[in-house]
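Student:
So, in structure tokens, the structure goes:
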């Protein structure tokens with residue numbers, strides 16, 4: 001694939017990942033999962049869409065569930081620092097030759113002037129500043145369950161060429177915090193951030209563009225354990241795809257769930273601060289099983305193979321491009337399905353560096 005050029009105009013000042021718009025096939029079932037089970041707060045809803053937010057959020061929504069014929073992702077939305085940055089986003093992607101649309105009144109409820117693009121990797125991105133404020137429920141402890149989801153933390157995107165995507169995000173102003181490589185120079189994944197955490201999004205090498213997961217944070221790991229107990233009590237523990245466990249990458253405690261349409265949701269907590277300008281990049285060896293689970297537990301194959309389709313700006317499914325380099329699944333899974341593949345017991349599985 002060709003290298004994505006850096007535009008001559010400045011990149012927009014992106015603050016954080018802010019929202020995802022999911023297309024779901026059964027709105028009632030999805031509402032039950034995200035509201036009744038996971039406890040996200042309904043900002044508003046109608047017969048076609050539900051606007052949800054986490055408990056510490058003050059903007060209108062972090063997740064939109066929109067009824068449609070095929071489950072997919074309609075938008076990965078980022079908040080920018082000012083109205084002028086919406087102008088910059090429009091100019092930046094026009095110079096890249098991307099399809100760009102702008103609506104002064106917004107594409108969705110609760111959001112004003114915004115730009116949507118089909119980015120060079122094939123993903124539907126949205127950039128906005130103007131947004132309705134709603135009640136922040138951080139002090140409303142009567143609304144908090146033992147498994148309270150407090151923040152939208154990150155996205156994870158599947159793309160065939162991780163180095164190509166990595167350069168694109170660095171040009172856009174993101175910092176690379178961690179990555180996974182092998183001795184042959186293949187890059188399998190990279191984590192990139194605008195806020196001072198491990199990531200606002202991650203690039204996972206695979207057939208794409210697809211959405212691997214959207215992640216919400218809890219305060220502590222016991223909140224995740226409660227969610228597991230709740231799912232068991234409701235007899236829907238089959239929603240658990242992977243975990244609970246501790247990541248090596250990000251150091252976070254995690255749980256992966258699948259919603260009624262198969263969209264993957266991560267519940268995530270306790271990663272680390274990355275906000276200094278000289279924060280070092282952590283590079284993991286793809287053969288170190290502790291990269292994905294610090295305790296060395298196996299990763300189920302579906303976690304590597306399954307992901308949600310994404311839509312173009314007309315609502316059509318984007319064409320999937322095959323990854324040409326090996327996948328993590330091919331590089332690390334042995335004949336028994338779950339081999340521990342570190343090359344030597346004494347080999348350090350990660351190293352610090354500063355290269356982008």
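Residue numbers (this note's numbering): 1 to 356. Idealized CB from N, CA, C, for every residue including glycine. Remember, predicted model here, so these are calculated numbers, not experimental data.
Flag this pair as touching only if the region 114 to 130 and the region 196 to 212 have three or more C-beta atom pairs under 8 angstroms; answer yes or no.
Tutor: yes
Student: Apply the 10 Å Cβ neighbour rule to residue 20 and answer buried if 16 or more other Cβ atoms are within range, or exposed otherwise.
Tutor: To locate residue 20, count along the chain shown from 1; it is residue 20. Residue 20 is buried by the Cβ-count criterion.
Student: Run through DSSP, which three-state label would residue 102 get?
Tutor: Numbered from its first residue, the chain shown carries residue 102 at position 102. Reduced to three states, the DSSP call for residue 102 is strand.
Student: Looking at C-beta atoms only, is the number of pairs between the region 225 to 233 and the region 287 to 307 that lie closer than 8 angstroms three or more?
Tutor: no
Student: Quick one: is residue 156 near chain B, going by C-beta distance under 8 angstroms?
Tutor: In the structure shown, chain B cannot be found, because there is only a single protein chain.
Student: For residue 166, count neighbouring C-beta atoms within 10 Å of its own C-beta (all shown protein chains included) and say buried if the count is 16 or more, exposed if not.
Tutor: Here the question's residue 166 lines up with position 166 in the chain shown. When all chains shown are included, residue 166 counts as buried.
Student: Quick one: what's got a C-beta closer than 6 angstroms to residue 111's C-beta in the same chain, skipping five residues either side?
Tutor: Stepping through the chain shown from its first residue, residue 111 is reached at position 111. Cβ neighbours of residue 111 beyond the five flanking positions: 128, 131.
Student: Helix, strand or coil for residue 84, going by three-state DSSP, please let me know.
Tutor: As a working mapping, residue 84 is identified with position 84 in the chain shown. Residue state for residue 84 is assigned as helix, using DSSP reduced to three classes.
Student: Taking the CB atoms as reference points, tell me whether residue 308 and residue 73 lie closer together than 8 angstroms.
Tutor: By 1-based counting over the chain shown, the position of residue 308 is 308. By 1-based counting over the chain shown, the position of residue 73 is 73. Cβ atoms of residue 308 and residue 73: closer than 8 angstroms.
Student: Between the C-alpha atoms of residue 99 and residue 295, what's the straight-line distance to the nearest angstrom?
Tutor: Counting from one through the chain shown, the residue named residue 99 turns up at place 99. Counting from one through the chain shown, the residue named residue 295 turns up at place 295. Counting only the Cα atoms, residue 295 lies some 44 angstroms from residue 99.
Student: Could you name the residues of the same chain whose beta carbon sits closer than 6 angstroms to that of residue 102, not counting the 5 residues immediately before and after it, in chain order?
Tutor: The residue you call residue 102 lines up with position 102 of the chain shown. So the list reads 90, 115, once near-sequence residues are dropped.
Student: Do you know offhand how far residue 196's Cα is from residue 238's?
Tutor: In the chain shown, residue 196 corresponds to position 196, counting from 1. In the chain shown, residue 238 corresponds to position 238, counting from 1. Using only the alpha carbons, I get a separation of about 34 angstroms.
Student: What residue ranges within the region 129 to 198 form continuous beta strand (DSSP E) runs of no fewer than 3 residues, ordered along the chain?
Tutor: Listed in chain order, they are 151 to 159, 175 to 181, 187 to 193.
Student: Whose C-beta lies closer than 7 angstroms to the C-beta of residue 38 among residues of the same chain, with five residues either side of it excluded?
Tutor: Translated into positions along the chain shown, residue 38 becomes position 38. 149, listed in sequence order.
Student: Indicate whether residue 205 and residue 54 have their beta-carbon atoms separated by less than 8 angstroms.
Tutor: Position 205 of the chain shown, counted from the start, is the residue given in the question as residue 205. Position 54 of the chain shown, counted from the start, is the residue given in the question as residue 54. Cβ distance not < 8 angstroms, so residue 205 and residue 54 don't count as in contact.
Student: Which whole-angstrom value is the C-beta distance of residue 291 and residue 245, which I expect to be below 8 angstroms?
Tutor: Position 291 of the chain shown holds residue 291. Position 245 of the chain shown holds residue 245. In fact, because the Cβ distance is near 12 angstroms, the residues do not count as touching under 8 angstroms.
Student: Give the range of the beta strand (DSSP E) segment to which residue 254 is assigned.
Tutor: Within the chain shown, the letter at position 254 stands for residue 254. Looking at the DSSP string, the run of the beta strand (DSSP E) that includes residue 254 is 253 to 258.
Student: Let's test the definition: count the other Cβ atoms within 10 Å of the Cβ of residue 260 and tell me whether it reaches 16, buried, or not, exposed.
Tutor: The count along the chain shown starts at 1 and reaches residue 260 at position 260. Per the 10 Å Cβ criterion, buried.
Student: Am I right that residue 7 and residue 78 are in contact with their C-beta atoms under 8 angstroms? What's the rounded C-beta distance?
Tutor: Mapped onto the chain shown, residue 7 falls at position 7. Mapped onto the chain shown, residue 78 falls at position 78. Contact flag wrong, Cβ pair sits at about 17 angstroms.
Student: How about residue 269 and residue 219: are their beta carbons less than 8 angstroms apart?
Tutor: In the chain shown, counting from the first residue as 1, residue 269 sits at position 269. In the chain shown, counting from the first residue as 1, residue 219 sits at position 219. The answer is yes: Cβ separation under 8 angstroms.
Student: Do residue 283 and residue 134 have their beta-carbon atoms positioned less than 8 angstroms apart in this structure?
Tutor: For this step, residue 134 is matched to residue 134 along the chain shown. For this step, residue 283 is matched to residue 283 along the chain shown. Against a cut-off of 8 angstroms, the Cβ pair of residue 283 and residue 134 comes out as no contact.
Student: Which residue marks the beginning of the alpha helix (DSSP H) containing residue 51, and which one marks its end?
Tutor: On the chain shown, position 51 is the one that residue 51 refers to. No alpha helix (DSSP H) contains residue 51, which is instead part of the beta strand (DSSP E) from 49 to 53.
Student: Within the same chain, show all residues whose beta-carbon is closer than 8 angstroms to that of residue 359, passing over the 5 residues directly before and after it, in chain order.
Tutor: Limits of the chain in this structure are 1 at one end and 356 at the other, which puts residue 359 out of reach.
Student: What is the rounded straight-line gap between the Cα of residue 335 and the Cα of residue 25?
Tutor: Translated into the one-based positions of the chain shown, residue 335 becomes position 335. Translated into the one-based positions of the chain shown, residue 25 becomes position 25. Bear in mind that the predicted position of residue 335 carries a pLDDT of just 43, short of 50, making it unreliable; the figure below should be weighed with that in mind. Cα to Cα, residue 335 sits roughly 37 angstroms from residue 25.
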